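Since the structure comes first, as structure tokens, the remarks are kept for the end.
Residue numbers (the working numbering): 35 to 187.
Following this line, the structure appears as structure tokens:
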């Protein structure tokens, strides 16, 4: 999506008009200057600062932990995973929190994550000899009933 204002959160200086900028860049190309020399030349002569990418700072530890605890307490079924909690903190609270921090905080607060709670096979009923015997009995009686029905039909 195009940013119509041209502001990206970093002060890049004031750009010259497009025609003048085109001439400057074509001059760089004709002289085959290296990237470091081009960037230095743009900053010294034209006031254009182009640097490495700057990432946003994460929320403070106490604030992020309190926000995660608040989001978890509102979730009645405890079914939201780290991605959902991170997205809620980002959209509603305007906090940038890394996913691994959200996950470790959720494990510290809840004790087990939603993926552990929904994992198939986590609640297996132990099979006993009586239950196995009853299942076998019902299987035999069903086969006997089917056999009797087959003869009578």
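Ideal placement from N, C-alpha and C gives every residue a C-beta, glycine not left out.
Every value quoted in this text rests on a predicted model; they were computed, and no experiment measured them.
Do residue i and residue j have their C-beta atoms within less than 8 Å of each other?
{"i": "residue 84", "j": "residue 49", "result": "no"}
{"i": "residue 130", "j": "residue 119", "result": "no"}
{"i": "residue 99", "j": "residue 139", "result": "yes"}
{"i": "residue 92", "j": "residue 132", "result": "yes"}
{"i": "residue 28", "j": "residue 72", "result": "Only positions 35 to 187 of the chain appear in the structure, and residue 28 is not among them; the question remains open."}
{"i": "residue 101", "j": "residue 70", "result": "no"}
Cutting at 6 Å between CB atoms, please list the residues of its own chain near residue i, excluding the five before and the five after it.
{"i": "residue 137", "result": "116"}
{"i": "residue 114", "result": "none"}
{"i": "residue 97", "result": "none"}
Which class does residue i belong to by DSSP, given the choice of helix, strand or coil?
{"i": "residue 106", "result": "helix"}
{"i": "residue 48", "result": "coil"}
{"i": "residue 121", "result": "helix"}
{"i": "residue 54", "result": "helix"}
{"i": "residue 135", "result": "helix"}
{"i": "residue 101", "result": "helix"}
{"i": "residue 112", "result": "coil"}
{"i": "residue 67", "result": "coil"}
{"i": "residue 143", "result": "helix"}
{"i": "residue 128", "result": "coil"}
{"i": "residue 189", "result": "Nothing about residue 189 can be reported from this structure: the residues present for the chain run from 35 to 187 only."}
{"i": "residue 35", "result": "Caution applies to residue 35, whose pLDDT of 49 falls short of 50 and renders its modelled position unreliable; the model cannot decide the point."}
What residues in its chain sit with their C-beta under 7 Å from that of residue i, if we drop five residues either side in the sequence?
{"i": "residue 103", "result": "143"}
{"i": "residue 76", "result": "82, 84"}
{"i": "residue 127", "result": "101"}
Counting only the same chain and skipping the five closest in sequence on each side, list residues whose C-beta sits under 8 Å from that of residue i.
{"i": "residue 54", "result": "none"}
State buried or exposed for residue i, treating a residue as buried only when at least 16 other CB atoms are found within 10 Å of its CB.
{"i": "residue 60", "result": "exposed"}
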